[in-house]
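Shown next, in structure tokens, is the structure this report addresses.
In full-length UniProt numbering, the protein residues as written are 1 to 488.
Structural data, given as structure tokens:
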């Protein structure tokens, strides 16, 4: 449950002037200069900010997935022999890092602001990729992959930043964009890197990522602005105190002791408290984790299937990821065109705050996923023509995208001020499932074959498919049980 202090209003308009009775004045954006409120920034600058977020998100996923087509060759080079389990771990250990990093990144961003935390994380990410490129043994390589995953800020902060700068009714297109970027990066990575690795070697892939990420980070440092309202209000209050000599200008967060050890610890434990207090978030995190894990199931199984079943070279394996790109584009186009209109229509019909209006596309994706997973394994197991198999890859991606994008937008809407912490709880579960579920595929497929193995996974997906439908039906009442939700 949320602390009572944490439920104070974010903005509390008060009269300007000298404080005669000693009571604190909670500043608002009206007390600052025009243009400080992120919700009132120009559309042009908002979308420029979205472009920066997309750029780093894309290079993050490019770095993560770009090396996948040659992962077996990398492990063989550093270990001295082929090791299928080590190859899968090499790919998925990144997700363990992404499960660890948000425990610090999201709470710190709610204390010190998005700008500082995002940029520090980006610099650590670039350093981690450089260590990966320099690794001379398998242990250091896997550790560097884990550490680099820990420094990924885009997954948890990008949706929260979209929530900072866009009102709920126009948030869908921007959310679709920041969700599309990593999917495109993850698809282009293998496409480009397969050929690059054959021509120059896998280390050059990593150095390319260091260079691109470095350029984007310079743009972040120079052109990106703080978006988190409490941080901006704290600056306004500080300026007012300096200008007037009146120490009563303050913010609710300052009264709580923001930046103190107690507040830091409370913020770092907030994701756990949010998920503990919200059965709705528990269910959606479980379902979202299962859906997202198929991004890595596909990423780790696709090269193996293309190599063993279809005899593809690394460059051809990389090009085959264009099927994933196609699915990403179709899924994101559907989200971009449909999510806001559906949400606005359902909200207008209820005449009330209704984040569950984001979920109709989730329901579609939830029931498409079991079909796509079953077909993916069935076509590979029966050695069907490669274009048929790659069509199932596209279908699988459509199911994943139309599930994940509305889910992240729903959580951002439902938890408002605490969206970064709520997203952290979701991401931790998602990353843990993304790290470990793919490890079950190689032994299962070796024992029973691709068809039966993926049929088992399709059954699990079908079992959990009703979750978004239940949340849409009962979500408004379930949200009331958590003190962290936006309208509780």
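Backbone N, C-alpha and C define an ideal beta-carbon position, used for all residues, glycine too.
Leaving out five residues before and five after residue 166 in sequence, what residues of the same chain have Cβ atoms less than 6 Å from its Cβ? Within the chain shown, residue 166 is the residue found at index 166, counting from 1. These residues qualify, in order along the chain: 174.
With the cut-off set at 8 Å, would you say residue 287 and residue 393 are in Cβ contact? For the purposes of this step, residue 287 is identified with residue 287 of the chain shown, where counting begins at 1. For the purposes of this step, residue 393 is identified with residue 393 of the chain shown, where counting begins at 1. Contact: no.
Can you check the stretch 52 to 140 for any alpha helix (DSSP H) of at least 4 residues that lies completely inside it and give the ranges in chain order? With a minimum length of 4 residues, the continuous alpha helix (DSSP H) runs that stay inside the stretch 52 to 140 are 71 to 79, 84 to 100, 102 to 112 and 114 to 134.
I think residue 227 touches residue 38, with their Cβ atoms under 8 Å apart; what is that distance to the nearest whole Å? Here residue 227 is taken as the residue at index 227 of the chain shown, counted from 1. Here residue 38 is taken as the residue at index 38 of the chain shown, counted from 1. Contact between residue 227 and residue 38 holds, since their C-beta atoms are separated by about 5 Å, short of 8 Å.
Extent of the continuous alpha helix (DSSP H) run through residue 360: Here residue 360 corresponds to residue number 360 of the chain shown, with the count starting at 1. For residue 360, the enclosing alpha helix (DSSP H) starts and ends at 360 to 381.
Under 8 Å, do residue 432 and residue 106 count as touching if we go by C-beta distance? One-based indexing of the chain shown puts residue 432 at position 432. One-based indexing of the chain shown puts residue 106 at position 106. No, the Cβ-Cβ distance between residue 432 and residue 106 is not below 8 Å.
Say whether the stretch 289 to 305 touches the stretch 437 to 446, bearing in mind that this needs 3 or more beta-carbon pairs closer than 8 Å, one atom from each stretch. Yes, since at least three Cβ pairs between the stretch 289 to 305 and the stretch 437 to 446 fall closer than 8 Å, the two stretches touch.
Note down the Cα distance separating residue 115 from residue 451, rounded to an integer number of angstroms. Residue mapping note: residue 115 aligns to position 115 of the chain shown, counting from 1. Residue mapping note: residue 451 aligns to position 451 of the chain shown, counting from 1. Looking at the backbone, the Cα of residue 115 and that of residue 451 are separated by about 47 Å.
Whole angstroms are fine: how far does the CA of residue 386 sit from the CA of residue 447? Start at 1 with the first residue of the chain shown, and residue 447 comes out as number 447. Start at 1 with the first residue of the chain shown, and residue 386 comes out as number 386. Taking the straight line joining both Cα atoms gives about 23 Å.
So residue 152 and residue 60 are in contact, right, with Cβ under 8 Å, and what is the actual spacing, rounded? Here residue 152 refers to the residue found at position 152 of the chain shown. Here residue 60 refers to the residue found at position 60 of the chain shown. Yes, residue 152 and residue 60 are in contact; Cβ-Cβ is about 5 Å, under 8 Å.
Please report the straight-line C-alpha distance between residue 266 and residue 108, rounded to a whole angstrom. Position 266 of the chain shown, counted from the first residue, corresponds to residue 266. Position 108 of the chain shown, counted from the first residue, corresponds to residue 108. For residue 266 and residue 108, the distance between alpha carbons rounds to 11 Å.
In the structure shown, what three-state DSSP assignment does residue 475 receive? Residue 475 sits at position 475 when you count from the first residue of the chain shown. Three-state result, residue 475: helix.
Below 8 Å on the Cβ atoms is my contact criterion, and I expect residue 421 with residue 110 to pass it. Report the Cβ-Cβ distance as a whole number of Å. One-based indexing of the chain shown puts residue 421 at position 421. One-based indexing of the chain shown puts residue 110 at position 110. Sure, about 7 Å apart at Cβ, within 8 Å.
Considering only residues of the stretch 235 to 280, which uninterrupted beta strand (DSSP E) runs meet the minimum length of 3 residues and lie entirely inside it, listed in chain order? Counting only runs of at least 3 residues, the stretch 235 to 280 fully encloses no beta strand (DSSP E) element at all.
Out of curiosity, what's the CA-to-CA distance linking residue 206 and residue 55? The count along the chain shown starts at 1 and reaches residue 206 at position 206. The count along the chain shown starts at 1 and reaches residue 55 at position 55. If you take the alpha carbons of residue 206 and residue 55, they lie about 17 Å apart.
If we count the other Cβ atoms within 10 Å of its Cβ and call it buried at 16 or more, is residue 6 buried or exposed? As a first step, residue 6 must be located in the chain shown, where it is residue number 6. Its pLDDT being 39, under 50, residue 6 is placed unreliably in this model, and the value from its coordinates should be taken loosely. Buried.
Can you tell me the Cα-Cα spacing of residue 182 and residue 218, whole angstroms? Reading the chain shown from its first residue, position 182 is the one you call residue 182. Reading the chain shown from its first residue, position 218 is the one you call residue 218. Approximately 20 Å, taken between the alpha carbons.
Same chain, Cβ closer than 7 Å to residue 72, five either side skipped, listed in chain order: Counting from 1 along the chain shown, the entry for residue 72 is found at position 72. Excluding positions up to five away in sequence, the list reads 82 and 87.
Along the alpha helix (DSSP H) that carries residue 164, what are the first and last residues, could you check? Position 164 of the chain shown, counting from 1, holds the residue named residue 164. Taken as a continuous stretch (DSSP letters only), the alpha helix (DSSP H) holding residue 164 covers 154 to 165.
Tell me whether residue 418 sits in a helix, a strand or coil according to DSSP, three-state version. Residue 418 sits at position 418 when you count from the first residue of the chain shown. Reduced to three states, the DSSP call for residue 418 is helix.
Just to confirm the assignment, what range does the alpha helix (DSSP H) spanning residue 178 have? Counted from its first residue, the chain shown places residue 178 at position 178. That run of the alpha helix (DSSP H) goes 172 to 200.
Quick test of the definition: if touching needs 3 or more C-beta pairs under 8 Å, does the stretch 357 to 376 touch the stretch 390 to 405? Contact check between the stretch 357 to 376 and the stretch 390 to 405: three or more CB pairs, one atom from each, fall below 8 Å, which counts as touching.
Residue from 414, 310, 409 and 404 whose Cα sits closest to the Cα of residue 388: Within the chain shown, numbered from 1, the residue matching residue 388 stands at position 388. Of the candidates 414, 310, 409 and 404, the one whose C-alpha sits nearest the C-alpha of residue 388 is 310.
Cβ pair residue 318, residue 193 closer than 8 Å: Along the chain shown, read from residue 1 onward, the residue named residue 318 stands at position 318. Along the chain shown, read from residue 1 onward, the residue named residue 193 stands at position 193. Going by C-beta atoms, residue 318 is nearer than 8 Å to residue 193.
If you count every other CB in all the chains shown that lies within 10 Å of the CB of residue 164, and 16 or more means buried, which is it? For this step, residue 164 is matched to residue 164 along the chain shown. By the Cβ-count criterion, residue 164 is buried, with 16 or more other Cβ atoms from all chains shown falling within 10 Å of its own Cβ.
When the Cα atoms are used, what is the spatial distance from residue 197 to residue 191? Here residue 197 refers to the residue found at position 197 of the chain shown. Here residue 191 refers to the residue found at position 191 of the chain shown. C-alpha separation (whole angstroms): 11 Å.
What do you get for residue 360, buried or exposed, if any count of 16 or more other CB atoms within 10 angstroms of its CB means buried? Position 360 of the chain shown, counting from 1, holds the residue named residue 360. By the 10 Å Cβ count, residue 360 comes out buried.
8 Å contact criterion, which residue 468 and residue 342 should meet: CB distance rounded: By one-based count along the chain shown, residue 468 stands at place 468. By one-based count along the chain shown, residue 342 stands at place 342. With 8 Å as the limit, residue 468 and residue 342 do not qualify as a contact, their Cβ atoms being about 13 Å apart.
Exposed or buried, what is residue 177 when buried is set at 16 or more other beta-carbons lying within 10 Å of its beta-carbon? Residue 177 sits at position 177 when you count from the first residue of the chain shown. Burial is judged here by how many other beta carbons sit within 10 angstroms of a residue's own beta carbon; residue 177 has at least 16 and is buried.
Is residue 62 closer than 8 Å to residue 189 when the C-beta atoms are compared? As a working mapping, residue 189 is identified with position 189 in the chain shown. As a working mapping, residue 62 is identified with position 62 in the chain shown. In this structure, residue 62 lies closer than 8 Å to residue 189 by Cβ.
Our contact map puts residue 306 next to residue 320 with C-beta atoms below 8 Å; I'd like the distance itself, whole angstroms only. Indexing the chain shown from 1 puts residue 306 at position 306. Indexing the chain shown from 1 puts residue 320 at position 320. So it is a contact: roughly 6 Å between Cβ atoms.
Roughly how many angstroms lie between the CA atoms of residue 316 and residue 302, to the nearest whole one? Indexing the chain shown from 1 puts residue 316 at position 316. Indexing the chain shown from 1 puts residue 302 at position 302. Between the C-alpha atoms of residue 316 and residue 302 there is a straight-line separation of about 12 Å.
Same chain, Cβ closer than 7 Å to residue 381, five either side skipped, listed in chain order: Your numbering for residue 381 matches position 381 in the chain shown. Taken in chain order, the residues that qualify are 449, 450 and 451.
Comparing C-alpha positions only, which one of 136, 42, 104 and 465 sits nearest to residue 118? Taking the first residue of the chain shown as position 1, residue 118 is located at position 118. Relative to the Cα of residue 118, the nearest Cα in the group 136, 42, 104 and 465 belongs to 104.
Tell me whether residue 246 is buried or exposed, calling it buried when 16 or more other Cβ atoms sit within 10 Å of its Cβ. Here residue 246 is taken as the residue at index 246 of the chain shown, counted from 1. Counting of Cβ neighbours within 10 angstroms places residue 246 among the exposed residues, the total staying below 16.
Report all residues from its chain with a CB closer than 7 Å to the CB of residue 11; omit the five preceding and five following residues, and keep chain order. Counted from its first residue, the chain shown places residue 11 at position 11. With a pLDDT of only 38 at residue 11, under the threshold of 50, the placement of this residue in the model should not be trusted; the figure read from the coordinates follows. Setting aside the 5 residues that flank it on each side, residue 11 is surrounded in the same chain by 28, each with a C-beta closer than 7 Å to its C-beta; the list follows chain order.
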